[in-house]
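These notes concern the structure reproduced below.
In the numbering used here, the protein residues as written are 93 to 198.
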């Protein structure tokens, strides 16, 4: 089975200045939305651990997932993360009408 290319969007905020907020985007292939969210979170957790230890951020995994550009002191809101499958990984356009899912909100 061919894996779908996903985009995981995670809201972030500055813990020192909560009015500053943004979005961190993770991309890569996965079999399901749930797997995409799990892999994105694992890539993020690995990068945060390396950052805290003073090590270089890990490169992209063999599957393409990675976490670059982390901002120290910024908090990820995984409960508000959204996962979208790209219609085409060359067009970089999300097919929101049929495959978008949001996690953590009723």
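Beta carbons are placed, not taken as given, at the ideal position from N, Cα and C, and that holds for glycine.
Near residue i, which residues of its chain fall below 8 Å by C-beta distance, leaving aside the five closest residues on each side in sequence?
i, result
"residue 108", "165"
"residue 138", "150 and 159"
Whole angstroms are fine: how far does the CA of residue j sit from the CA of residue i?
i, j, result
"residue 114", "residue 169", "10 Å"
"residue 156", "residue 97", "10 Å"
"residue 150", "residue 119", "15 Å"
"residue 174", "residue 162", "18 Å"
Among the residues of its own chain, which have a CB less than 7 Å from the CB of residue i, if the five just before and after it don't count?
i, result
"residue 167", "104, 105 and 107"
"residue 122", "95, 96, 98, 128 and 131"
"residue 135", "118, 153, 157, 158 and 159"
Go to residue i, then tell me how far its beta strand (DSSP E) extends in each direction, as first and last residue.
i, result
"residue 166", "166 to 168"
"residue 115", "113 to 122"
"residue 103", "96 to 106"
Name the two residues that bound the continuous alpha helix (DSSP H) containing residue i.
i, result
"residue 143", "125 to 144"
Taking 6 Å as the limit between beta carbons, can you name the residues of its chain near residue i, skipping five residues before and five after?
i, result
"residue 101", "115, 117 and 174"
"residue 112", "106"
"residue 193", "With a pLDDT of 49 at residue 193, under the threshold of 50, the predicted position of this residue should be treated as unreliable, and no value is reported."
For residue i, count the other beta carbons within 10 Å of its own beta carbon; 16 or more makes it buried, fewer makes it exposed. Which is it?
i, result
"residue 147", "exposed"
"residue 177", "buried"
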